[in-house]
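Asks:
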Amino acid sequence: MHDVMHGVLGLYNYWIVIILMMTGFYTVIARPNLVKKIIGLFIFQTSVFILFISMAKIEGGTAPIISEGARIYSNPLPHVLILTAIVVSLATTALALALVIRIREAYGTINEDDIHVQDEEA
Amino acid sequence: MNTETTVLACIALPLLAPALITALHRWPNPRETVTLLTSTCLFLLVYSLHDEVLQGMHPTLDLAEPLPGLKISFEVEPLGMLFALLASFLWVVTSVYSIGYMRSHHEWRQTSYYSYFAVALGSVMGIAFAANLLTLFIFYELLTLSTYPLVTHAGDNAARNAGRMYLGYLLGTSVMMLSLALIWTWALTGTLDFRTGGILEGAVTPGMSGILLILFIFGIGKAAIIPFHLWLPAAMVAPTPVSALLHAVAVVKAGVFTVLKIVIYIFGVDFLAEIPATQWLMYVAAVTILIASLMALRQDNLKLRLAWSTISQLSYISLCALLVTPLGIVGGGMHIVMHAFAKITLFFCAGAIMVTTHKTQISEMGGIGRQMPWTMAAFTVGALSMIGVPPTAGFISKWYILLGAIEVQQMFAAGVIILSTLLNAAYFLPVVYAAFFRAPEGNPENENRDARGEAPLAILLAITVTATGTVVLFFFPGLPLDLASQLPGVRE
Amino acid sequence: MLSAHLPALQVVVPLVSAPVCLLLRNPRHAWAFALAVSWVTLAVAINLAVQVHASGTASYALGAWAVPWGIEYRVDMASVLMILIITTIGAIVMPYSWRSIGHEIDKKHLQLFYTCYLLFLTGLLGIVVTGDAFNLFVFLEISSLSSYVLISLGSGRRALTAALQYLVMGTIGATFILIGIGLLYMMTGTLNMADLSQRLPVNADSRTIRVAFAFVTVGVSIKLALFPLHLWLPNAYTYAPSVVSAFIAATATKTGIYILLRFFFTVFGISFSFEAMHVGEILMLLASAAILITSLVAVFQDNVKRMLAYSSIGHIGYIILGIGLATTAGVTAGMVHLFNHAIIKGSLFLAMGCIFLRLGSVELSDMHGIARQMPWTMAAFVTGGLSLIGIPLTAGFISKWYLVNAVLNVGYWPLAVLILVSSLLGLIYIWRVVETAYFQMPGYKIRKLSEAPAALLVPTWLLIGTNLYFGVNAGLVTGIAGQGAAVLIGQGVP
């Protein structure tokens, strides 16, 4: 019983990651609205950031700044990596939104199904 | 000029001629002069090599090495010499004929016609002189591709469909089977060189080599063994000189030449005799001879009848190769030459009739011998040679083939050859008979005025040369016979 | 002195040039500048290749931070092959781009186009040069983001949806790769690939590593359009500007394959990837399906660029098939085809660009009899097509030879038959174009066309010439590929 509880609660960060990831993924696949798709994509990426950040945490560790009395530090490298990844994900989202604006200008809609219908007709 | 340069020139000359032909496309006479000069030079170059080959020397040349250990290289051996001599000589004659035919037919795109013709002949030289299977395969494919524009010369729907058949069969068989057999051989033996006695013996079990043999024989679509023969009748939409030189001599002979090469230099005659599949393939060749002859009997279009006859005659040569006996190989080599002279004569005549009277069907040709006695006389010579009646060249090769079959006790093969001789007579003699002894059909007064008299001079000249050749080779078969007797498997 | 910094220069030169390009006011200057940069990167690549060939794998500590803490750039023979592919195609495509892209997009946007082009080049070269797994992800995203922009520039609104579709799938793929890299870091505490390969065998049996392997494989498979994860590719290739189609088709998916090679052979090691995870069988299965199905689909396309796109997925299948064999011969065959397919597809897309410039369409139904008006363009297409089919004396034949040989070496003869069947299908779809272009009567619209300008024809024929050269004298490519394969396979052995 204890083991199960530990598995569910002790690894709660992973559960959050998985739930976020699936939420995002589902939104990307199931929503015809392009903006919602992009929001889903963003959530999907964010879940991975949390995965990275949470693994940097070391029990009892402090911020990685050398100071008196601190023996254990959190690993700073994942933070740095994720800073980069956030920039990438921001750029992706910005570009995707820009594309959606252009699509809206060209098709008059941001609904994927409608776009598909228009493409078929053409 | 040393021999290495000569070999290179033999291949490069026809491949480079199109540049000059294209440059002169505005001036027909200089353009055709280029073709005539190139073909004559080529023949002289090839002829200059024959003495050395007869003395047992094999001039060689390495050109490039596309893959490590695999070279594009050339070696002139007796069989290749024979094939190269034949093709280059007949190219000279066909060029003369082409000029007469293409001009009186007012064909379009004559520049590209002469260009691709030259490339095709260059590929034939490459095939003839190839020192290994890779080189042979490269030029084999080049020949297919360079003759495709010639087959589809007319540019209409019929030509396009024929072109589909042509490429589909030839590239299909070579890509699916020949290239597989090639790479397999390489994977098994680590070499693709043509060597006396073959390269496969000891490297493969007889059962596996049976599969290889089947892949090779059927992979060579140009040999037109049933069921991969339909491209040849389809190719008849091409202008007649193309049918004459390429689809009676160069392309199809490249196929059976490859079969002979593979039998002699890849498998080796001794090893081939141990493979059970050889016997079965021989039966396939025999069946091809008979079926094609029967099909020829049913054709009313003269060119189609000739095409089916070619299919059957090609299988004579494949059959010879599969008899695995020295006399058979000599017979096969000889038949390449003898059949070529006779069949090109027949095609030339068919073209002459088409140009002069615009007739293509045999049923319309009654009494045509009175109008075109010279042409039809040549046709008769060709037909007799196809049947194998002395004094024509066909008799000699058939004689060797029969001797070979009897020597190894292959009575079935001998029987097939005798039966097919009867069939040959059955489909050629009626044409001759109708031409000379039947009255012209319809009212002679309604005949087109243009459609009277003999064919143009250039055409007649070519026909005379090949018909004479057919007779002369009966009396003087020395050169081809010497070359064929030099082949490994025959000498020992 | 400079030669020591070649690995860094390979990436830094186009990276620094990209913003400079943006600042240039005159589009023609931007083009000339990008042209110069692409040629400089080619020169750097050749020097680097010579250097690696002479003195072995080059390692470069970026910013002089000691490996494995700092980012390492590591160039071995496998990287050299990729660098040569990318820079060669980049250098040949650039002269072509002025007339072609100038015709297809607004003059105002030309600087932006060239900036994105340089960023794309940077990303691809970075992926190949870097020895750091996370750095690889960053470069992958640089190349992907710029390629989304490049594709969206295509004329017609479908380019936009194609770009967005690619963006969504590409981002999912990249995120998968990021997850995989994160899990690897969790288990080993390092991001340096060489270091990873040292530390992984210790933990190889843990579930985390297996999950990481799966994430990376699926993520990369999306980027390289491995069947059935290829859905983004046909639209992206079809609606992108002609130059972009040519460049992306020749390089982007190839770089994806390179990432796969790196992870399978260098990071995870051959014994883990192919023996413990059995990825070889899966790859061969998917590759066979790709080869057969996409070749069949290609036969029924009316848009020639779309046809070539499907054919690309099939040819990626060839490469993956070779890699899936996991023998030296197989990986060599895959890498040989990596190079050859790049130059074949590049030249075919360039030929289509010539037609698009004059005709404004690449639909078969619009191309009746076009060979009479544009003989050089169509001759280039036919030659490239023959190479795609694998006719002797072309580069495609060399690939086919190596691949069939590799397959026969391990006795998988049905795969050999499959490869040959798909070459026949190749013959069919190429010949549909040939028949339309040569045998149909040209309509009124076609008769007004003239041959493409030399600015387009010369680069196209340059690639065709490369094609023929490497068909006759393949020693250079097969040599580099062989050494690359040896490096990859050798590293995997513990």
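Chains A, B and C supply the protein sequences, listed in that same order.
Residues 0 to 121 in numbering that gives the first Met the number 0 are what the first sequence lists, from first letter to last.
Residues 0 to 491 in numbering that gives the first Met the number 0 are what the second sequence lists, from first letter to last.
Residues 0 to 493 in numbering that gives the first Met the number 0 are what the third sequence lists, from first letter to last.
In this text, a Cβ means the ideal position worked out from N, Cα and C, and glycines have one as well.
The structure presented is a predicted model; accordingly, all values stated were derived computationally and were not measured.
1) For B/Y115, which residues of its own chain have a beta-carbon under 6 Å away from its beta-carbon, when the five flanking residues on both sides are left out?
2) Assuming A/V47 and C/L467 make a contact with CB atoms under 8 Å, what is their CB distance in whole Å?
3) For C/F214, is the beta carbon positioned less than 6 Å from some heavy atom of the ligand NAP?
4) At the 7 Å Cβ level, is B/R448 part of the contact set with chain C, yes or no?
5) Assuming the contact rule is C-beta atoms closer than 8 Å, C/G101 and C/A173 should be a hit. Round their C-beta distance to whole Å, please.
6) Between B/G209 and the rest of its own chain, which residues show a CB-CB distance below 7 Å, the 5 nearest in sequence each way excluded?
7) List, in order along the chain, the chain C residues whose C-beta lies closer than 9 Å to that of B/S384?
8) Listing by chain order, which chain B residues have their CB less than 9 Å from the CB of C/F438?
9) Using DSSP with H/G/I as helix, E/B as strand and the rest coil, what is C/V409?
10) So C/V148 contacts chain A; which residues on that side make the cut at Cβ distance below 8 Å?
11) Of the residues C/Y59, C/Y238, C/P458, which one's Cα is nearest the Cα of C/I70?
12) What residue from C/M76, C/M81, C/A248, C/V36 has the CA that sits closest to C/L117's CA?
13) Any Cβ of chain C within less than 7 Å of the Cβ of B/S484?
14) Since B/L191 and B/L69 are thought to touch, with beta carbons under 8 Å apart, how far apart are those beta carbons, to the nearest angstrom?
15) Along the region 128-145 of chain C, what residues have a CB closer than 9 Å to any CB found in chain A?
16) For a cutoff of 7 Å on Cβ pairs, would you count B/L66 as touching chain C?
17) State the beta-bridge partners of A/N32 as determined by DSSP.
18) Classify B/L211: buried if its beta carbon has 16 or more other beta carbons within 10 angstroms, exposed otherwise.
19) Is B/A129 helix, strand or coil by DSSP?
20) Do B/A284 and B/L318 count as a contact pair if the criterion is CB distance below 7 Å?
21) Could you tell me whether the region 105-125 of chain B touches the region 14-32 of chain B, where touching means 3 or more Cβ pairs closer than 8 Å?
22) Mind checking the region 446-465 of chain C against chain A and listing, in chain order, the residues whose C-beta falls within less than 7 Å of any C-beta there?
23) Specify the secondary structure class of C/A60 as computed by DSSP and reduced to three states.
24) With a threshold of 7 Å between beta-carbons, can C/S151 be considered close to chain A, or not?
25) Nearest chain C C-beta to A/A105 closer than 7 Å, yes or no?
26) Tell me which residue opens and which closes the beta strand (DSSP E) that B/S60 is part of.
27) What residues in the region 392-405 of chain C have a beta carbon less than 7 Å from any beta carbon of chain B?
28) Whole-angstrom Cβ separation of B/H57 and B/V45, contact assumed at under 8 Å?
29) Find out if the Cβ-Cβ distance for the pair B/A382, B/F340 is shorter than 7 Å.
30) Of all the options B/A233, B/I400, B/L14, which has the alpha carbon lying nearest to the alpha carbon of B/G121?
31) Buried or exposed: where does B/V477 fall if 16 or more other Cβ atoms within 10 Å of its Cβ makes it buried?
32) Say whether chain A places a C-beta atom closer than 7 Å to the C-beta of C/R371.
33) Return no unless some Cβ of chain F is closer than 7 Å to the Cβ of B/L322.
34) Can you find a CB in chain C that lies within less than 7 Å of the CB of A/F51?
35) What residue ranges within the region 6-55 of chain C form continuous alpha helix (DSSP H) runs of no fewer than 4 residues, ordered along the chain?
36) Rounding to the nearest angstrom, what Cα-Cα distance links C/Y309 and A/A62 in this structure?
Replies: Judging by the given coordinates:
1) S145, P148, L149
2) Contact doesn't hold; Cβ gap of about 47 Å is too wide.
3) By its list of ligands, the structure shown contains no ligand whatsoever, and the ligand NAP lies outside what it can speak to.
4) For B/R448, the predicted structure reports a pLDDT of 46, less than 50, and the residue's modelled location is therefore unreliable. The matter cannot be settled from this model.
5) C/G101 to C/A173, Cβ: 32 Å. No contact.
6) I274, P275, A276
7) None at all; the shortest Cβ gap to chain C is about 36 Å.
8) T151, G154, D155, N156, A158, R159, G162
9) C/V409 sits in coil when the DSSP states are folded into three classes, being neither helix nor strand.
10) L94
11) C/Y59
12) C/V36
13) no
14) About 7 Å separates the beta carbon of B/L191 from that of B/L69, a gap short enough to meet the 8 Å contact definition.
15) F133, F136, V137, E140, I141, S143, L144
16) yes
17) A/N110
18) By the neighbour-count criterion, in which a residue is buried when 16 or more other Cβ atoms sit within 10 angstroms of its Cβ, B/L211 is buried.
19) strand
20) yes
21) yes
22) none
23) strand
24) With 7 Å as the cut-off, C/S151 counts as an interface residue toward chain A.
25) yes
26) Position check: residue 60 of chain B holds Leu in this sequence, whereas Ser was assumed. Its beta strand (DSSP E) spans residues 59-66.
27) L392, I397, W400, V403, N404
28) In fact, because the Cβ distance is near 15 Å, the residues do not count as touching under 8 Å.
29) no
30) Taking the Cα of B/G121 as reference, the smallest distance to any Cα among B/A233, B/I400, B/L14 is reached at B/L14.
31) Correcting the residue type first, residue 477 of chain B is Gly in the shown sequence and not Val. Looking at its Cβ environment, which holds fewer than 16 other Cβ atoms inside 10 Å, B/G477 is exposed.
32) no
33) The displayed structure is made up of protein chains A, B and C, and chain F is not among them.
34) At least one CB of chain C lies nearer than 7 Å to the CB of A/F51.
35) 26-54
36) 52 Å
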